[in-house]
Amino acid sequence: RDANKAYWHKNMSANAALKKPATDKRVAPLIAALKRLIWKAKDM
Numbered sequence: 008r009d010a011n012k013a014y015w016h017k018n019m020s021a022n023a024a025l026k027k028p029a030t031d032k033r034v035a036p037l038i039a040a041l042k043r044l045i046w047k048a049k050d051m
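Convert by adding 7 to the 1-based position in the sequence shown; the result is the number in this note's numbering.
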C-alpha cells in the first residue's frame, strides 16, 4: 500500500490501483520497455 500511496497520492487497494491506468511520466520508460518485449515476442 505504501507504493500505491506514493504513486497515487492517496490510500488505494491493489485491486483499485490495477483498474486505473498508469500514465505518470515515471512509468513511461517501463511501459515502453514492456511494449518492446511484446513486439519481440510476437515476431518469434
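For every residue, glycine included, the Cβ atom is placed at its ideal position computed from N, Cα and C.
Bear in mind that the values here come from a model prediction, so they are computed numbers and not experimental data.
Query: Distance between S20 and P28 (C-alpha atoms, nearest Å); Result: 14 Å
Query: Straight-line Cα distance separating R43 from R33; Result: 17 Å
Query: Residue span of the alpha helix (DSSP H) that contains R43, given as start and end; Result: 35-50
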